[in-house]
Structure formats: C-alpha cells, structure tokens
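Here is the structure we will look at, set down as structure tokens.
Protein chains: 2
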Amino acid sequence: MLLKEKPAGFHDCEECPIRHRAVCARCEADELEMLEGIKYYRSYEAGQRIIWSGDRMEFVGSVVSGIASLTQTMEDGRTQMVGLLLPSDFVGRPGRSTAAYDVVATTDLVMCCFRKKPFEQMMETTPHIAQRLLQMTLDELDAAREWMLVLGRKTAREKIASLLAIIGRRDAALHMARADGMVTFDLPLTREAMADYLGLTLETVSRQISALKKDGVIQLEGKRHVIVPDMDRLMEEAGDDSDGGLLN
Amino acid sequence: MLLKEKPAGFHDCEECPIRHRAVCARCEADELEMLEGIKYYRSYEAGQRIIWSGDRMEFVGSVVSGIASLTQTMEDGRTQMVGLLLPSDFVGRPGRSTAAYDVVATTDLVMCCFRKKPFEQMMETTPHIAQRLLQMTLDELDAAREWMLVLGRKTAREKIASLLAIIGRRDAALHMARADGMVTFDLPLTREAMADYLGLTLETVSRQISALKKDGVIQLEGKRHVIVPDMDRLMEEAGDDSDGGLLN
DNA sequence: TCGCGCGCTTGATCTGCGTCAATGTCAGGG
DNA sequence: CCCTGACATTGACGCAGATCAAGCGCGCGA
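Line by line, the protein sequences are chains A and B. Each step along the first sequence adds one to the number in this note's numbering, with nothing skipped, and position 216 is 216. Each step along the second sequence adds one to the number in this note's numbering, with nothing skipped, and position 42 is 1042.
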C-alpha cells in the first residue's frame, strides 16, 4: 500500500533511516527529498511478497519498521532464507535491473523507497552515497559469510543458539543491557521462518528450542517471548568465538 | 615473498587486474602506481596462510593469479570456507582494521597489494573507486547468498554438482565454449578443500564424485581433471534453476 | 630403486536430523 | 460458546551423511 503521508513518527528527514543509518550519512536524503516523486513510503502486511525473484526492480529503499526477509526457492519448494532485513537495512541493488531473490514481509512492514533511476543518477553525482552503501554492503557480506559457517558446520542446537544470540544481541544493544544481565525479546519469526533461515525443518527447530528450555539456557513466555538468563551461556551453546559486534 | 619485479606477464597497469576487473574501472591504478611504495606484488606458496582472522590488515589488494580462500574456523577445528578468491577478486575491507577471516593460498598465488591507508585516502578523493568496489562487493554478496542455498538446502550430490557447475561455467567462459559442448577443467581444490567449501566431509565428497562419474554425469582423468559431457545435465543435478551468470 | 607420505577411495557402522503423523494451544469469528 | 485454522509440540521411524578404519596410487627424495 502506498502511503499518502509519511508514516506516523517519521517526520521529514530527521528519523528516516536513510539519513541515520543507511545511505545518507551526510544528509543527501535532503536533496533526494526535494526531487519530486523520487522518495515515497509504502507499507506491507505480514506475509506479503514485496518482490519476486526475476522481477524488474523499480526501486531501492530501506526498511523503516518491521522485518523483511530475502529468500531463495528451488523448483521443488525447498526454500532458504538468505538475509534478514531489519529496520535501517537497505533493499535493492543499484546497477542491476532484475531482483535475484524474493523479498517477503515477515511482519507488518514500512519501507522508505526511492525510484531506482534517479537514485542511481544521484549516486554518480554524490560520492558519499556510494561510500556509505559500500560500507553497508560490506557489513552484509560479513553477516552472510558468518551465516555460511552456521549453515555449513553447526549442529541444530548450535544453529538455534546462534539465531537467538543474534536477535538477543541486537535487542540488548537497542534497549540497553539490563542491570541483572538478563536479555529479553520477542521472536519476530515463526518456527517455520526460523527453519528456513537455519536450513532445518520446523520440527527440529521446535525440538531444539524445547531442549534449550529444558536445559535452562533460555526461558519461554508463551511461544514467542524469550528470556535469556545468561547471554554468555547462550553464546557458548552457539559455539561462538566471535565477538559478534563489528569491531572495526 | 615480496617481489622486487612485477611478475612476468604483468607490465605496468595494462594487465593488472586492478585495472581490468577490479578497482580501476577507469584507470585510477595509474594514479596509484605513481604513489611511491603504495602498490606492490607479493607471491605465496600453496597452503601458506596470508592473513589470520583477527590480525591487523595492512593492505588491500586483488588476486593476480592462483586461488585463495576465505575460511572460518571454530575452536574445535570445524572449518567452513566462506569465499573462493579467483584472479581479479578483491581482498580486504576498506574501513576495517582487523581481518574477519583467515585467508589461505589454496594454490601458488600472486597478489597485487596496496597499502591500506593511502588506498583509503585515494578512495575518498576518487569516486570511481568506491563505485567500482561497490559493484564488486554486491557481486560477492550475491555469490555468498547463492551459496547459502547450497549449504542450507542441497543434498551432498547436489552440492558437488553445484561446485563443479560453478568452476566449469567459469572455465567455459574463460576458454570459450567448445564446439561439441563439452567442458573440461582441472579442479583447483583438494577433496578436503571442496568438503570445507560445501559443508561436507572429504569422504562424502569422494563418494559423490565417484557416484556422478558412475552415472555418466562427469568423467575423470586422474583425480583432478574433469570432463563434463553435458553441462545442462550437470546443472540439472545441481538443482539449479538460476542462470548462473550475472544477468543485470 | 625403494620407501614414505599425502591425497584419495571404499567399506562398515553409527547417529542427527528429516519425515510422517498425531495432538496441543490459542486467537478470532459466527 | 464452540468451531476453525494457524502455529507449535511431541513421538516413532528411516535415511543421508558423519565417523572410524583399511587400503590404494603416485610423486618425491634418499
């Protein structure tokens, strides 16, 4: 759905992720903003497909709120999620005209979009955009490669722990670590989506979550709300020696 | 080993991959060339480790000849290859000071290196470099994500077929397709390296290669030389619906 | 020329996870 | 209130691929 107004809580350039964390490290978004009809907001419902693999890409943009996922599917239906897009993450590929993966709204979602052609022209005349995009793309590449280790070499239990650690870490950074060291968050994914991300079946995901719960690594409230009493323990379960953050 | 001379066959900027396929889409390498001591060549022997994960990165560069691989290793020794670097591929990450993965020379290798600091300064003043690097990084990201599907969802047989298809395709493009449609190449990897790339054990790699041979999908001359009578058949075995090339 | 070691193959057995199937839980709608 | 459908859990069973182990082929240095 195309939004006539900027979504509530997002005024002008100020809170727009393009400005803060994505393209516009030095406020090129202001300039984009001024170009009539280039920038617009759009909302999607959970489960809605935003882009089909192979489609023409009409826009690039970034996630304002909600979660989207990049997935690849084989003819026989096997699917693998290849990227999890969180608020401020960039979608699309300057210089390529057709999409390489499906993009699906995993939760209700608001995107901030730019028409592709003018954006590309903008990129050529405004060096900071390319430099900023390069940094973001390198971050995504690192994340993808870290995930390759998870997919290729970790056990089901370690996979689950890795996923929980990533989501937990991100949430801890967002909401500040709690005094008692506990980390708490809602899982934004169904068991099936987790399975697609981890290269498992949903049954295995469910079993391993139950096992982690039984062993006291996590606690559950309902199906989706996770409490991690000891983040270090969780990361140990994940077989994780990395610091997880981007150290630079 | 630091080379005093440019390696045979590589004169000035002309054949340097930085010029042709990597950073220097519009000949910035000429400028770099002029900066004393910034650019140099270096050779490594097969098996030699070029960079340890966590090390300070002193340089960025690109592969001139040979094959390098990016690998991640867990404390217990499980390792996953997260990238295969072929001639013209870029190594290193502007803006980050420590390496995130091990880089290992899989074959004898020659690299073309730039000292990192001056290269970064160069990038700020020469927009085309960042734009070129962005395109390359996006390509690598696509490759990494395609590989996530292989790691997460494909069977051992499909994994092997996928790897052979990638190498074969690349080689076919390089040496031009043969009239009879056969594709022929040498495997640049040991069975163990293939296993690390595919998230398998070397025994499984060996067995599946034998199986593909028995079924007539490939032929072998010695251990390493592969003949693919029918590339389409191989790609079918790989479960591959993608075009493989970058369509743009 | 021989022996040594490395890369590779092949066999036997084990096991983690996929598969199939039944059941549980909960929110929303009539 | 119950019915329905989406999501999740749990159990029984089988198989692809890991693990353990033995042996092969070939290049290389003594």
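We treat Cβ as the ideally placed atom computed from N, Cα and C, and that holds for glycine. All values derive from a computational prediction rather than experimental measurement.
Closer than 8 angstroms to chain A by CB, residue i
i         : result
B:Met1057 : no
B:Thr1201 : no
B:Glu1221 : no
B:Trp1147 : yes
B:Pro1118 : no
B:Leu1141 : yes
B:Gly1061 : no
B:Asp1232 : no
B:Gln1121 : no
B:Leu1134 : yes
B:Leu1035 : Per-residue confidence for B:Leu1035 stands at a pLDDT of 49, beneath the threshold of 50, marking its modelled position as unreliable; the derived number appears in the next sentence. Cβ-Cβ to chain A under 8 angstroms: no for B:Leu1035.
B:Thr1106 : no
Beta-carbon proximity check, residue i vs residue j, cutoff 8 angstroms
i         : j         : result
A:Arg115  : A:Phe185  : no
B:Gly1095 : A:Gln135  : yes
A:Ala143  : A:Glu237  : no
A:Gly251  : A:Met57   : This structure gives no information on residue 251 of chain A, because the portion of chain A shown stretches from 1 to 248.
A:Leu198  : A:Arg191  : no
A:Thr79   : A:Asp196  : yes
B:Met1231 : B:Gly1181 : yes
A:Asp55   : A:Ala99   : yes
A:Val183  : A:Val228  : yes
A:Met74   : B:Asp1241 : yes
A:Ala105  : A:Ile51   : no
A:Met81   : A:Ala193  : yes
A:Tyr101  : A:Gln72   : yes
B:Leu1141 : A:Leu141  : yes
Any chain B beta carbon closer than 8 angstroms to residue i
i        : result
A:Glu236 : no
A:Met194 : no
A:Asp241 : yes
A:Leu247 : Low local confidence applies: a pLDDT of 45 at A:Leu247 is under 50, so the model's placement there is unreliable, and no value is given.
A:Gln72  : yes
A:Gln208 : no
A:Val82  : yes
A:Ala68  : no
A:Gln131 : yes
A:Gly47  : no
A:Arg78  : yes
A:Gly252 : Here chain A covers residues 1 to 248 and nothing more, so residue 252 of chain A does not appear.
A:Gly168 : no
A:Thr204 : no
A:Arg93  : yes
A:Ala144 : yes
Nearest residue (CA-CA) to residue i, options the options
i         : options                               : result
A:Lys117  : A:Tyr101, A:Gly61, A:Trp147, A:Lys223 : A:Gly61
B:Leu1149 : A:Leu70, A:Met182, A:Ala130           : A:Leu70
B:Glu1120 : A:Gln131, A:Met123, A:Ala172          : A:Gln131
A:Gly168  : A:Gly152, A:Leu187, A:Thr125          : A:Leu187
B:Leu1200 : B:Gly1152, B:Ala1105, B:Asp1215       : B:Gly1152
B:Asp1308 : B:Glu1221, B:Thr1204, B:Leu1234       : Lying before the first or after the last residue shown, residue 1308 of chain B is absent from chain B, which here runs from 1001 to 1248.
Buried/exposed call for residue i, threshold 16 Cβ in 10 Å
i         : result
A:Lys39   : buried
A:Gly47   : exposed
A:Ala165  : buried
A:Arg224  : exposed
B:Thr1137 : buried
A:Glu146  : buried
8 angstroms CB neighbourhood of residue i in its chain, flanking five on each side removed
i         : result
A:Arg157  : Gln208, Ala211, Leu212, Glu237
B:Leu1086 : Val1063, Ile1067, Arg1170
B:Cys1113 : Lys1039, Tyr1040, Tyr1041, Arg1042, Phe1059, Val1060, Gly1061
Close beta carbons around residue i, own chain, < 6 angstroms, minus the five adjacent residues each side
i         : result
B:Leu1109 : Tyr1044, Gly1066, Ala1068
A:Ala22   : The predicted position of A:Ala22 is uncertain, since its pLDDT is 40 and thus under 50; a value taken from the coordinates is nonetheless stated next. Here the set comprises Ser62, Ser88, Phe90.
B:Ser1206 : Arg1191
A:Gln219  : Ile227
B:Gly1222 : none
A:Thr204  : Ala156
B:Ser1053 : Ala1099, Tyr1101, Asp1102
Nonlocal neighbours in the same chain, by C-beta distance under 7 angstroms from residue i, ignoring five residues either side
i         : result
A:Gly239  : Lys154, Glu158
B:Ser1097 : Arg1056, Met1057
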